[in-house]
Amino acid sequence: MARYLPLCALEIVHEFFESSDDVRDLALQVFASVETQALMAREGLLLRERATGFEIWQEQASDPGMARESVLPLHFSICTTNPRLPFLTVRDAEQLACFVNDAAAVTEVEDLQSVASSDAMDLGLRRFERAACIELVHVKLAHVIQTGKDGMRRYRVQLKARRLHWKYIFSGALAKRALAIVDLNRSESGGVQFVPSDQVVTSKHVAFISDAALTMRSIPSQGFQLREEDASGRVLMRRLPNASLDHLGKERSPDGQSLVVAEIYVHQ
152 MARYLPLCAL EIVHEFFESS DDVRDLALQV FASVETQALM AREGLLLRER ATGFEIWQEQ
212 ASDPGMARES VLPLHFSICT TNPRLPFLTV RDAEQLACFV NDAAAVTEVE DLQSVASSDA
272 MDLGLRRFER AACIELVHVK LAHVIQTGKD GMRRYRVQLK ARRLHWKYIF SGALAKRALA
332 IVDLNRSESG GVQFVPSDQV VTSKHVAFIS DAALTMRSIP SQGFQLREED ASGRVLMRRL
392 PNASLDHLGK ERSPDGQSLV VAEIYVHQ
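No gaps in the numbering here: position 130 of the sequence shown is 281 in our numbering, and each next residue is one more.
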């Protein structure tokens, strides 16, 4: 029976899922380029997909004197079946980001660096397979085989989550009151401020939008409280619901810029 030895592993860390133990929504798929597929067959490499990335194992040579490559160029397209993930992920350009390693790095876990946007990668997929593949990033490793060293060389790709303005839309009795939203995590600098918005659903609604865009997360760390805007500051709701991706809308900023906002509807 063939014996495989650990070679390297890649982990995708996405800021949106940073505070969530459930990373299955990453729904990752890993595809090697045509050239990498040929290299893996030649060098006896095995790809094992994981929920957050993949591992590469190498078949132990039956002949100790068998010549093998000392540097392995491993090129992969990291895809997802979650159609929301590309929207949730910050991109510096329209094209896919490409992450590469530093062959001289000696850290236990190497954070890959993003370089110029990547061109299309030949994955050897048929047209319908390619159409179903939502590419997230490209990864190009120059993995150095270190003679005499065992264990898995670990690489990591850190992806930033999209930032959106939060917009609270109140209806019912709340819409008839003078309202103020307070940031429970505010510091001396004042925290997140909410300002009135005149872009509401109907005349019976009132709305407030955050003055800054907030990082979207599966379990948001923000906490906001609803109070009456008067001297008493009476608490109306101890904890307002957090934003999600279920309701997205558009808002026109004071300078005329169109913003995508996460809408939170509150009726009471």
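The C-beta atom is built at its ideal place from N, Cα and C for all residues, glycine as well.
In chain order, I360, S361, A364, L410 and V412 place their CB closer than 6 Å to the CB of H316, counting only its own chain and leaving out the 5 sequence neighbours on each side. Residue range V185 to E194 is occupied by the alpha helix (DSSP H) that includes T187.
The alpha-carbon of T258 is positioned some 22 Å away from that of R201. Cβ-Cβ distances below 8 Å link L177 to I163, H165, F168, A202, T203, T231, N233 and L236 in the same chain, with the five nearest sequence neighbours on each side left out; the list follows chain order. Non-local beta-carbon contacts of L330 in its own chain, meaning distances under 8 Å to residues more than five positions away in sequence, involve F321, V357, F359, L377, R378, E379, E380 and L387 in chain order. Beta-bridge analysis with DSSP links M388 to L377. Y319 and H398 have their C-alpha atoms some 11 Å from each other.
Taking 8 Å as the cut-off, the beta carbon of V290 is found closer than this to the beta carbon of F250. Less than 8 Å separates the beta-carbon of L198 from that of A183.
The beta carbons of N252 and L190 sit no closer together than 8 Å. Counting only runs that start and end inside the segment 318-352, the beta strand (DSSP E) elements of at least 3 residues fall at 330-334 and 345-348. R390 has its alpha-carbon roughly 58 Å from the corresponding atom of A153. Between the C-alpha atoms of G374 and L225 there is a straight-line separation of about 43 Å. For S348, the CB contacts under 7 Å within the same chain, skipping 5 residues up- and downstream, are K318, A358, F359, I360 and E402 in chain order.
An exposed status is given to A192, since fewer than 16 other beta-carbon atoms sit within 10 Å of its beta-carbon.
With a beta-carbon spacing of about 12 Å, R314 and T240 fall beyond the 8 Å limit used to define contacts. The beta carbons of W208 and L161 sit no closer together than 8 Å. For the segment 272-312, the continuous alpha helix (DSSP H) assignments of 4+ residues that do not extend past its boundaries occur at 278-282, in sequence order.
A Cβ-Cβ distance of about 6 Å is found for the pair Q309 and D262, placing them in contact under the 8 Å criterion. The residues S184, H226, S228 and H289, in chain order, have a CB closer than 7 Å to that of M272 in the same chain once the five nearest residues on each side in sequence are set aside. Rounded to whole angstroms, the separation of the alpha carbons of F205 and V181 is 7 Å. Within a 10 Å sphere around the beta-carbon of M367 sit 16 or more other beta-carbons, which makes this residue buried. When the beta-carbon positions are compared, Q246 and A324 stay at least 8 Å from each other. Contact check for S221 and I296: beta-carbon distance about 5 Å, within the 8 Å limit, so the pair qualifies. Taken through DSSP and simplified to helix, strand or coil, L239 comes out as helix.
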